[in-house]
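Residue numbers for the sequence shown, in the working numbering: -1 to 63.
Okay, structure first, notes after.
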Amino acid sequence: MDTIVEQLDTKLGQWEPEIADQVRRFIWEIIQVADQGIPVELMRSRAVEQEVLNLLDESDEPEAW
């Protein structure tokens, strides 16, 4: 087994479940992008994209007096 796979397997068991789930999602996204032949450096994190969309939604809300 590749060293990085062994380390990932160990770390996934050590991290808090929420962190391990986030890492699994990020790795899944990277695999999907790589399978499509897209350079990984062009990949946008969906979490970051959603965060930006949330900020934009908040800025569109009228301020309460």
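Glycine is no exception: its CB is placed at the ideal position from the N, C-alpha and C atoms.
query: Cα-Cα separation between I36 and I28, rounded to whole angstroms; result: 10 Å
query: Whole-Å CB distance - L10 paired with V3, under 8 Å assumed; result: That pair is no contact at about 11 Å.
query: C-alpha distance - E49 paired with D58, whole-angstrom precision; result: 15 Å
query: Inter-residue Cα distance where the pair is T55 and R44; result: Sequence inspection shows Asp at residue 55; the Thr mentioned does not correspond to that position. Cα to Cα, D55 sits roughly 16 Å from R44.
query: Helix, strand or coil at W26 [DSSP, three-state]; result: helix
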